[in-house]
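There are 2 protein chains.
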Amino acid sequence: MYVKGVNATTLDDVRAASNTSKSQLYNHFPDKEELVRAVVAARAAQVLERERGNLQRLKSFRGLVRWRDALVQRNALQNGAYGCALGSLAGELADQDDQARATLAESFVEWEGLLAAGLRRMQESGVLKPDADPEKLATGLMAALQGGYLLAETAHDIKPMEIALDMALDHVKSFLTA
Amino acid sequence: MYVKGVNATTLDDVRAASNTSKSQLYNHFPDKEELVRAVVAARAAQVLERERGNLQRLKSFRGLVRWRDALVQRNALQNGAYGCALGSLAGELADQDDQARATLAESFVEWEGLLAAGLRRMQESGVLKPDADPEKLATGLMAALQGGYLLAETAHDIKPMEIALDMALDHVKSFLTA
DNA sequence: CGCCGCATGGACTACATGGTCCCGCTCGGC
DNA sequence: GCCGAGCGGGACCATGTAGTCCATGCGGCG
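Same order as they appear, the protein sequences are chains G and F.
Per our numbering, residue 4 is the first one in the first sequence, and the count goes up by one each step.
Per our numbering, residue 4 is the first one in the second sequence, and the count goes up by one each step.
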């Protein structure tokens with residue numbers, strides 16, 4: 004679903020990819036909609052798990068740069084294709100399945116929360132100025148990340164993603180204490 | 004297609020919306036794929052036309068703020084739903100129709116070009132520092148815009164879009180001459 | 001005024017795809 | 001070792017959708 008898009012993925016594709024049969028599918032999921040929701044939930048859990056590992060110890064600007072580098076490098080492997088696991092689902096499902104949209108919205112909030120928590124640690128340790136707003140900075144970083152993913156996916160080139168994240172990092176940098 | 008998504012839009016929907024018949028459809032377009040490509044091209048032309056109007060005279064930071072406000076206000080009308088006319092098409096088609104992807108990529112480049120041209124004018128008139136890179140700033144603005152659209156669409160709330168664009172504008176501001 | 005040609009509408013077809021169901025196999029209990 | 005229950009496999013069905021085709025009516029020309 005990540006590669007082909009949710010709507011272009013048939014249950015036969017799912018069957019083939021999972022080495023199961025239709026009846027097993029319908030044992031676990033009442034219909035395709037529920038299956039998609041499960042996919043969304045699983046993907047969200049997976050991404051958040053990974054990001055938790057990458058961000059729970061974030062406490063310096065260098066850490067943020069490393070975070071950026073890891074995401075860019077990961078995306079470079081496929082030349083930007085398919086975009087962000089959550090972002091591409093969001094783009095396709097937001098106006099189609101309100102429940103999926105809600106799950107994705109929560110996931111983004113949580114993802115931004117991980118960033119915000121790290122930024123707050125930086126603020127508490129005096130790395131970041133007191134007038135910085137960790138939540139807003141986190142939202143800005145997430146938007147730059149998602150926008151970067153989309154432009155990279157469209158251009159088949161990760162440059163725009165790098166530029167976007169660098170812009171967001173520069174913005175954070177402007178709140179560093181001298 | 005903008006509202007329901009490309010793949011969820013049937014030719015019957017198209018027929019109904021256009022008050023025509025199947026034969027007329029197939030008179031003009033060999034198949035659905037070509038129809039979609041025509042939609043992409045038309046949408047891109049429309050957005051670029053609008054943005055040309057909004058950006059061709061851009062030559063001050065205030066102008067950039069007005070540009071931001073216009074986009075936010077436009078998106079607020081639908082509570083962020085459906086996202087960017089180009090962005091949502093890009094998200095759905097980028098990994099499905101290479102020709103559509105290419106068209107969209109060109110459109111984004113042109114859109115960024117309009118921004119870059121305005122920024123260059125600001126630079127030439129001394130509003131923007133000489134070491135600013137108009138192309139990179141334009142890409143950053145576009146990424147913030149697209150990321151903002153996506154987060155707003157997912158959250159059904161335009162706040163993230165505002166925050167993202169404000170971040171990008173702040174970044175541009177950091178290149179203003181004192 | 002009538003006839004011919006062609007665009008048009010919308011019924012029709014083939015097919016893909018979501019969803020159901022029954023047969024057979026396996027595994028557990030007696 | 002045999003029997004029965006329950007699970008899994010994949011054939012099957014119904015439906016919606018992309019794409020085709022022919023009867024109809026309208027306009028243009030003689």
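Every residue gets a Cβ at the ideal spot worked out from N, C-alpha and C, and that includes glycine.
Can you tell me whether Ser-26 (chain G) is buried or exposed? The criterion is at least 16 other CB atoms within 10 Å of its CB, across all chains shown.
With fewer than 16 Cβ atoms within 10 Å of its Cβ, Ser-26 (chain G) is classed as exposed.
Would you mind working out which of G:Ala-11, G:Lys-7, G:Gln-59 and G:Pro-163 sits nearest Arg-183 (chain G), comparing C-alpha positions?
Since the first residue of chain G shown is 4 and the last is 181, residue 183 (chain G) is not available in this structure.
Quick one: which unbroken beta strand (DSSP E) runs of 3-plus residues sit fully inside the segment 30-112 of chain G? Chain order, please.
Runs found: none.
Please identify, using Cβ separations under 7 Å, the residues of the segment 102-119 of chain G that lie next to chain F, in order along the chain.
The segment 102-119 of chain G vs chain F, Cβ under 7 Å: Arg-104, Leu-107, Ala-108 and Phe-111.
Could you work out which residue in G:Ala-93, G:Leu-131, G:Leu-117 and G:Leu-148 is closest to Thr-157 (chain F) when comparing CA atoms only?
Distance from the Cα of Thr-157 (chain F) is smallest, within the candidate group G:Ala-93, G:Leu-131, G:Leu-117 and G:Leu-148, for G:Ala-93.
Compare the beta carbon distance of Val-9 (chain G) and Glu-95 (chain G) with 9 Å and say whether it is the shorter of the two.
Yes, they are a contact pair.
In whole angstroms, what separates the C-alpha of Lys-132 (chain G) from that of Thr-23 (chain G)?
Distance between the alpha carbons of Lys-132 (chain G) and Thr-23 (chain G) is about 55 Å.
Cβ distance (whole Å) where Ala-147 (chain F) is taken to contact Ala-146 (chain G) below 8 Å
Confirmed, about 6 Å.
Since Val-50 (chain G) contacts Leu-89 (chain G) with CB under 8 Å, what's their CB separation in whole angstroms?
Between Val-50 (chain G) and Leu-89 (chain G), the beta carbon gap of about 6 Å places them in contact (Cβ cut-off 8 Å).
Cβ-Cβ distance between Leu-154 (chain G) and Leu-118 (chain G) below 9 Å:
Going by C-beta atoms, Leu-154 (chain G) is not nearer than 9 Å to Leu-118 (chain G).
Can you give me the Cβ contacts of Pro-137 (chain G) inside the same chain, cut-off strictly under 7 Å, excluding the 5 residues immediately before and after it?
Contacts found: Ala-119, Leu-122, Arg-123 and Gln-126.
Along the segment 4-28 of chain G, where does the CB come closer than 8 Å to a CB of chain F? Name the residues.
Result list: Val-6, Lys-7, Gly-8, Asn-10 and Ala-11.
Would you mind reading off the limits of the alpha helix (DSSP H) that contains Ala-181 (chain G)?
In the DSSP assignment, Ala-181 (chain G) falls outside any alpha helix (DSSP H) and carries neither an H nor an E.
Per DSSP, cross-strand counterpart(s) of Leu-131 (chain F):
Residue pairing by DSSP places Leu-131 (chain F) opposite F:Leu-179 in a beta bridge.
Going along the chain, which residues of its own chain have a beta-carbon closer than 8 Å to the beta-carbon of Val-39 (chain F), five neighbours each way excluded?
Residues Met-4, Val-9, Leu-96, Asp-100 and Ala-103 of the same chain have their beta carbon placed closer than 8 Å to that of Val-39 (chain F), with the five preceding and five following residues left out of the count.
Within 9 Å of chain F by C-beta, residues of the segment 165-177 of chain G in sequence order
So the list reads Ile-166, Ala-167, Leu-168, Asp-169, Met-170, Ala-171, Asp-173, His-174 and Ser-177, given in the order they occur along the chain.
Can you pull the chain G neighbours of Pro-129 (chain F), defined as C-beta to C-beta under 9 Å?
It is worth fixing the name first, because residue 129 (chain F) is Gly in this sequence and not Pro. For Gly-129 (chain F), there are no neighbours in chain G by C-beta distance under 9 Å, as the nearest C-beta there is about 22 Å away.
Which bits of chain F does Met-145 (chain G) rub up against, with CB to CB less than 9 Å?
The answer, in chain order, is Gly-150, Leu-154, Pro-163 and Ala-167.
Going by other Cβ atoms of all chains shown within 10 Å of its Cβ, with 16 needed for buried, is Thr-142 (chain F) buried or exposed?
By the Cβ-count criterion, Thr-142 (chain F) is buried, with 16 or more other Cβ atoms from all chains shown falling within 10 Å of its own Cβ.
Just mark Tyr-152 (chain F) as buried or exposed, buried being the case when its beta carbon has 16 or more other beta carbons within 10 Å.
Residue burial annotation: Tyr-152 (chain F) is buried, with at least 16 other C-beta atoms found within 10 angstroms of its C-beta.
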